[in-house]
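So the structure is just underneath, and the comments pick up after that.
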Amino acid sequence: MGILKTFWGYRGFILGSVQREFQANYKNSLLGAAWTVIRPLVMIIVYTVVFSQIMRSKLPGVDSEFAYSIYLCAGVLTWSFFSEAVTRGQNVFIENANLLKKINFPRMCLPIIALTNALVNFVIIFALFTVFLLVTGAFPGKIFLALIPVLAIQVLLSAGLGLTLGVLNVFFRDVGQLSAIVLQFWFWATPIVYPINILPPFFQQLLNHNPMTHLMAAYQQILVNGQRPDWLSLWPITLIAVVLCITGARLFSKHAGEMVDEL
Amino acid sequence: MGTISVRDLGKAYKQYPTRSARLAEWLIPFSPPRHAQKWVLQGLNFEVKPGEAIGIIGMNGAGKSTLLKMITGTTEPTTGSVNVTGRIAALLELGMGFHPDFTGRQNAIMAGQLLGLSADDMRSLMPEIEAFAEIGDYIDQPVRVYSSGMQMRLAFSVATARRPDILIVDEALSVGDNYFQHKSFDRIRAYNKLGTTLLIVSHDKGAVQGICDRAILLSGGSIAMQGSPETVMDYYNAMIAERDPANVQQVLGHDGNVQTISGTGDARVIKATLCDEDGKPVEVVKVGQALQIQVEVEAFADLPELVFGYQIKDRLGQPVFGTNTFHTKQLLQNLRTGQRVRYVLRFPANLGEGSYSISFALHDAENHLAKSYEWRDRAIVFNVVIVGKDHFVGLAWLPSSIEVQRD
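Below you can see the structure in the form of structure tokens.
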């Protein structure tokens, strides 16, 4: 409870920092805030129009013009959120070394700010994607709300992983380098740009052990097929997320003091 | 509120022999520690009462910053404890966290929030902050167009917008122009009168003697002495003088002054000490105090002629006074290699408040232009403080009086 109270006291700082980082990107540009929409918009257009209209990619088994685009967006957009949150989390203490060394404030604010920033970016791009779904008539309906618990699991996972890596990265800078590579590899080892059923059975088996496969499948299931995800398949990743959060929090509380000496 | 209690405080940094040693220590259960501890502070004990003003002095590397960091709570002690009551404001890193692209107002609000004030608090304090910083319309301009002085003013105004129970002041305050320096010191003094505990860290001995009730001298990570500012300062001066000339040069170098030494080296100043009239080394000098500089010169070649000169410069390097033994008709002739000459320069410190340096020159003939044996800039740096005299401004102390007649 005490820690929540502290955060409440610093809510102004947390929100202000989120807003500042968000604004800082376009502060001196002519188009201003429009850039925060233009960039994701272009990305959505590339994924949708280019793949559906120009390359005419089809999703095996689904007979819809936009099926592959939606499949792609469902995975890529959520994965980008995941990888942005983890990357920001793992660098957050190093980037704010000066602040940590010089000013006494609740240090946990920093990962929260990093996560919130990634969330804001995700909400913008996902809102655009939702608009696209509505316009093309591919909006899945009420089942859309099932995204919320899936996203919650993902946020928990990115928070736990980001914090754990963030603390480790202060002491072992290799962690940052390595995790960038692992994230890349992990992306391609997860059925995001390709459907899992185009793989040989052996690899399908293998990818089923990747917990992210099920998380991404849940998004794809909701958005492409408009069906309830296989909730049971999400248990392992939820467990991993909780364990990572506890690990991260323990690492942090144990090494927070030493961290400042090391930075 | 406003007490600081330091008990058996110590800080050691971990030093691992290799990068992988830490990993091994973390991963292998029940493994013995694989790091060496590098102690920067050890066995510190002191109490600060509410409303007291304490000066913390010591050379670079004595552990002053580490002590402050533990008092403000950014660094955790390795042994012992620091107990602080009340809110601390630290003027250690002014302008920390300012973002250049945001306006002064936005940054001020943000900085306040980082100190734990709410946005509403900050909005109500804003008019006061603006008024104190005196930066006018710039408050709504991005901070990147500010001069460093303006940034400093704003940062100081924010940090001290609300009277803290404990105020920690580092040398940060030497930034900004004189006017603002005085204004900010006035505010610090006023807060102190209202009950704020002050902790001042400075190389500027004038400031310590001017404000503090008590001084703590740190040396080599422990308290070498604590007591009245004057006593501690004297001790500090002596401690510096104890060292051999090579070290003293380094000491002098730490306030940003680097000695520049040039010349053929045929004659050298091997020792130079600034002393009071009794020959005791000093570094802080009272206005009007009788001073002597004891200089030892050695000839490293046979010299037909030797002139010794000295020059007192203010902190901007402007000469205040200078002369040499040519002008005083005391030049020496026919020195042999290895011969030593001792000069004692006597003068009253009829100087204004501030920092001064003394340069030495060894040459032949009237000036060093023809043949310079050695030219040593900033060989001695000292501070002049106004003690026992009414306040005055300027570089020179002119004993003066004002006659007032009122009809």
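For the protein sequence lines, the chains are A and B, in the order given.
Its first residue numbered 8, the first sequence is counted upward by one per residue in this note's numbering.
Its first residue numbered 1193, the second sequence is counted upward by one per residue in this note's numbering.
All residues carry an ideal CB built from backbone N, CA and C; glycine is no exception.
Because the structure is a prediction, the values reported are computed rather than measured.
query, result
"B/A1351 versus B/L1259, B/G1402, B/D1329 and B/F1290, residue with shortest Cα-Cα distance", "B/F1290"
"Limits of the alpha helix (DSSP H) - the one that B/S1549 falls within", "Looking at the DSSP string, B/S1549 is not in any alpha helix (DSSP H); the run it does join, the beta strand (DSSP E), is G1546 to H1555."
"Burial state of B/A1325, where buried means 16 or more other Cβ atoms lie within 10 Å", "buried"
"Touch test, the region 1195-1206 of chain B against the region 192-204 of chain A, Cβ-Cβ under 8 angstroms, three pairs minimum", "no"
"Residue ranges of each beta strand (DSSP E) within the region 26-71 of chain A, 3 or longer", "none"
"Coil, strand or helix - A/A134 by DSSP", "helix"
"Cβ-based burial, B/E1434 [other Cβ within 10 Å; buried from 16]", "Note that B/E1434 scores a pLDDT of 47, beneath 50, so its modelled location is shaky; the value from the coordinates is reported in the next line. B/E1434 comes out exposed."
"Residue burial classification, B/Q1305 (beta-carbon count within 10 angstroms, cutoff 16)", "buried"
"Three or more C-beta pairs below 8 angstroms linking the region 1243-1260 of chain B and the region 1401-1411 of chain B", "yes"
"N-terminal and C-terminal residue of the beta strand (DSSP E) that B/A1482 is part of", "A1482 to A1491"
"Proximity of B/V1585 and B/V1479 at Cβ, strictly below 8 angstroms", "no"
"Contacts of A/I110 in chain B (Cβ-Cβ under 9 angstroms)", "T1264, T1266, A1282, L1284, E1285, M1288, G1289, L1306 and L1307"
"Proximity winner among B/S1223, B/L1284 and B/G1253, relative to B/I1263 (alpha-carbon distances)", "B/L1284"
"Chain-ordered neighbours of A/G148 on chain B, where CB pairs are closer than 7 angstroms", "Within chain B, no residue comes near A/G148; the closest Cβ sits about 40 angstroms away, beyond 7 angstroms."
"Contacts of B/L1527 in chain A (Cβ-Cβ under 7 angstroms)", "In chain order: nothing, as chain A lies at least about 55 angstroms away."
"Inter-stretch contact at 8 angstroms, needing at least 3 Cβ pairs: the region 1381-1396 of chain B / the region 1215-1233 of chain B", "no"
"For A/L164 and A/I77, believed in contact at Cβ under 8 angstroms, the rounded distance", "23 angstroms between Cβ atoms; not a contact."
"Any chain A beta carbon closer than 8 angstroms to B/F1324", "no"
"Beta carbon proximity, B/D1329 to chain A, threshold 8 angstroms", "no"
"Beta-carbon proximity of A/V177 to A/M115, cut-off 8 angstroms", "no"
"With 16 other Cβ atoms within 10 Å as the buried cut-off, status of B/E1422", "exposed"
"Span separating the alpha-carbon of B/A1345 from that of B/S1394", "Before going further, note that residue 1345 of chain B is Arg rather than Ala in the sequence given. Spanning the two alpha carbons is a distance of roughly 19 angstroms."
"Unbroken stretches of the alpha helix (DSSP H), 4 residues or longer, contained in the region 1241-1288 of chain B", "1256-1264"
"Per-residue DSSP class, three states only, for A/T254", "helix"
"Proximal residues of chain B, C-beta to C-beta of A/V177 below 8 angstroms", "None at all; the shortest Cβ gap to chain B is about 11 angstroms."
"Same chain only: Cβ atoms within 6 angstroms of A/F73, ignoring 5 sequence neighbours per side", "S59, T143 and A145"
"Opening and closing residue of the alpha helix (DSSP H) in which B/V1536 lies", "Note, B/V1536: premise wrong, no alpha helix (DSSP H); beta strand (DSSP E) at R1532 to P1540."
"Same chain, Cβ closer than 6 angstroms to B/N1439, neighbours up to 5 away in sequence not counted", "Residue confidence for B/N1439 is low, a pLDDT of 32 falling below 50, so the modelled location carries little weight; the figure read from the coordinates is stated next. Closer than 6 angstroms at Cβ, skipping near neighbours: no residue."
"Three-state class that DSSP yields for B/K1478 in the structure shown", "strand"
"Cα-Cα separation between A/N98 and B/H1555, rounded to whole angstroms", "59 angstroms"
"Beta-carbon proximity list for A/I160, same chain, < 8 angstroms, skipping 5 on both sides", "L222, L241, I244, T245 and A248"
"With 16 other Cβ atoms within 10 Å as the buried cut-off, status of B/Q1597", "exposed"
"Whole-angstrom distance between B/F1492 and B/V1536, CA atom to CA atom", "21 angstroms"
"Interface partners of B/A1311 on chain A, CB under 8 angstroms", "G19 and G23"
"Any C-beta of chain B under 8 angstroms from that of A/V267", "yes"
"Proximal chain B residues relative to A/A31, where beta-carbon distance stays under 7 angstroms", "H1291 and D1293"
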